[in-house]
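S.K.: Everything in the sequence shown is counted per numbering that gives the first Met the number 0, starting at 0 for the first residue and increasing by one.
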Amino acid sequence: MEYLIIFAVMAVIMIFMSQQSKKTRARMEQERESVIVPGTDVVTTSGFFGKIVSIDGDAVTLESPSGDETVWMRQAIRGAMEIPLAPITEEEAAQLDNNDVVDATETPDLGVEKTATFSSHDSDSKDVTDQDNSEDTDRNNSTWK
Numbered sequence: 000m001e002y003l004i005i006f007a008v009m010a011v012i013m014i015f016m017s018q019q020s021k022k023t024r025a026r027m028e029q030e031r032e033s034v035i036v037p038g039t040d041v042v043t044t045s046g047f048f049g050k051i052v053s054i055d056g057d058a059v060t061l062e063s064p065s066g067d068e069t070v071w072m073r074q075a076i077r078g079a080m081e082i083p084l085a086p087i088t089e090e091e092a093a094q095l096d097n098n099d100v101v102d103a104t105e106t107p108d109l110g111v112e113k114t115a116t117f118s119s120h121d122s123d124s125k126d127v128t129d130q131d132n133s134e135d136t137d138r139n140n141s142t143w144k
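1. Throw me the rounded Cβ distance for the Asp52 and Pro64 pair, which I believe falls under 8 angstroms.
2. According to DSSP, simplified to helix, strand and coil, what is Ile87?
3. Three-state secondary structure (DSSP) at Met9?
4. Where does Thr69 land, buried or exposed, given buried means 16+ other C-beta within 10 angstroms?
5. So what does DSSP say about Ile14, is it helix, strand or coil?
6. Three-state secondary structure (DSSP) at Thr39?
7. Check whether the Cβ atoms of Arg26 and Gly78 lie closer than 7 angstroms to each other.
8. State the start and end residues of the unbroken beta strand (DSSP E) segment that holds Ser53.
9. Which same chain residues end up closer than 6 angstroms to Glu81 when comparing Cβ atoms and leaving out the 5 residues on each side of it in sequence?
10. In chain order, what residues of the same chain have a beta carbon less than 8 angstroms from the beta carbon of Met72, not counting five sequence neighbours either side?
11. Using only CA atoms, which one of Asn97, Met16, Ile4 and Gln74 lies nearest to Val34?
12. For a test of the three-state rule: what should DSSP assign to Met27, helix, strand or coil?
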């Protein structure tokens, strides 16, 4: 009799926990679906950040920060999220703006000499090649005998 009561209590607890997880899953699904509208910044389950451009059934077109558009399945959208870019100071922004102007005819000096010397050890490489070929020949001959 005691075992029957313990079993019944465990069954009630399992049913209650199952119902709670179903409610939580349904609520999360409803929240996810409510943010899938054009113009929303989202993140996919694989970590891709983009802005929703259009929705066609289960196909969602996302625009990347660089402007490229890719098509994703609706189920791949995890939820709304801003792109986590590091904030920059006004000084850094001004410096970036000044560095954007580059003369196309100007070659940057990287401090590297443009000549290169190559050395070759023909005798060493020939020996290695000959050894490799002799091993292959021995292997092939043993297979066909």
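Ideal placement from N, C-alpha and C gives every residue a C-beta, glycine not left out.
M.R.: So, to answer that:
1. Sequence check: residue 52 is Val here, not Asp. Between Val52 and Pro64 a beta carbon distance of about 13 angstroms is seen, past the 8 angstroms cut, so the two are scored as non-contacting.
2. Three-state result, Ile87: coil.
3. In the structure shown, Met9 sits in a helix (DSSP, three-state: H, G or I).
4. Result: exposed.
5. Helix at Ile14.
6. Thr39: coil per DSSP, three-state reduction.
7. By the CB criterion at 7 angstroms, Arg26 and Gly78 fall outside the cutoff.
8. It spans Phe48 to Asp55 - the beta strand (DSSP E) in which Ser53 sits, taken as one unbroken run.
9. Closer than 6 angstroms at the Cβ level, and outside the excluded window around Glu81, lie Asp40.
10. Short of 8 angstroms from the beta carbon of Met72, and not among the five residues preceding or following it, lie these beta carbons of its own chain, in chain order: Asp57, Ala58 and Val59.
11. Scanning Asn97, Met16, Ile4 and Gln74 for the CA closest to the CA of Val34 turns up Gln74.
12. In the displayed model, Met27 falls within a helix according to three-state DSSP.
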